[in-house]
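The next block holds one structure in the form of structure tokens; read it before the comments.
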Amino acid sequence: DGGITQSPKYLFRKEGQNVTLSCEQNLNHDAMYWYRQDPGQGLRLIYYSQIVNDFQKGDIAEGYSVSREKKESFPLTVTSAQKNPTAFYLCASSETGNRYEQYFGPGTRLTVT
Amino acid sequence: EDQVTQSPEALRLQEGESSSLNCSYTVSGLRGLFWYRQDPGKGPEFLFTLYSAGEEKEKERLKATLTKKESFLHITAPKPEDSATYLCAVQARGATNKLIFGTGTLLAVQP
């Protein structure tokens, strides 16, 4: 089955620690995205990548970092500089060109205490 | 500034009671409008893409329509399994695949 996998489903960390969230897709999509979802707010874009070895900051990139070394993988690191890291993190992918719908993974819920 | 507003925030229906969800948008040139369904604790599931005013798409009990200022998601004779949060998103021309999301409508269908 083609799709997007995110791991782990739940993640707990102590304040001051960096943590990396995994995202893998086998849809052969060129573009990948990371969003953050908080209660009462729309999804907010953290980073996106349209091609391997290239990525751009989204609307809330501060305190986050990404890499895109392989087409299938787009890991997100939440650094200790992120002031409010507790949230639900969603990875998505899409084709580039004329079809823009993004397909989402199951999400990772990160809790930092 | 590009913006998406969804209403109502929450909607409770009886099984079989048809209704509509609204998505109003202001964007500098619409490239596409997207509807997603999200169940609690899960990622959004893609439903529809609409590209131009007058376009309509249907899937089972759901029908999405688009005008120059808003989109409606019509739910006909809903069932309890239609209970979810429905998200609307828009992509502006020149936005390089970036989507702007509304905050969603939480739909509860009671048997």
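Protein chains in written order, with the working numbering: chain A, 1 to 113; chain B, 114 to 224.
Glycine included, every Cβ here is placed at the ideal spot set by N, Cα and C.
Just so you know, these numbers come straight off a predicted model, no measurement behind them.
The Cβ-Cβ distance between glycine 63 of chain A and leucine 45 of chain A does not fall below 8 Å.
Around the beta carbon of glycine 154 of chain B, a 10 Å sphere encloses fewer than 16 other beta carbons of the protein chains shown; the residue is thus reported as exposed.
For the pair of segments examined, the segment 32-40 of chain A was found to touch the segment 89-103 of chain A: the number of CB pairs separated by less than 8 Å reaches three. Contact between the segment 171-179 of chain B and the segment 118-128 of chain B is absent, with fewer than three C-beta pairs closer than 8 Å. Counting only Cβ-Cβ distances below 7 Å, proline 157 of chain B has contacts in chain A at Phe104, in chain order. Residue-level contact by beta carbon holds for threonine 162 of chain B and chain A, with a gap shorter than 8 Å. Going by beta carbons, glutamine 204 of chain B and glycine 145 of chain B fall inside the 8 Å limit.
By the rule that beta-carbons nearer than 8 Å mark a contact, serine 94 of chain A touches chain B.
Linking glycine 107 of chain A to glutamate 114 of chain B through their CA atoms gives a straight-line distance of about 28 Å. Contact of threonine 216 of chain B with chain A is assigned, a C-beta pair being separated by under 8 Å. At a beta-carbon threshold of 8 Å, the residues of chain B lying near leucine 45 of chain A are Lys211 and Leu212, ordered along the chain. In the three-state reduction of the DSSP assignment, glutamate 101 of chain A falls in the coil class, being assigned neither a helical nor a strand state. Its chain contains Asp30, Ala31 and Gln50 as the residues whose beta carbon lies nearer than 7 Å to that of threonine 96 of chain A, once the 5 sequence neighbours on both sides are disregarded; these appear in chain order. Lysine 83 of chain A counts as exposed, since fewer than 16 other C-beta atoms from the protein chains shown sit within 10 angstroms of its C-beta.
For the pair of segments examined, the segment 63-76 of chain A was found not to touch the segment 128-143 of chain B: the number of CB pairs separated by less than 8 Å stays below three.
Glutamate 24 of chain A sits in a strand when the DSSP states are folded into three classes. Taking the Cβ atoms as the reference, threonine 86 of chain A lies roughly 5 Å from valine 112 of chain A, within the contact range of under 8 Å.
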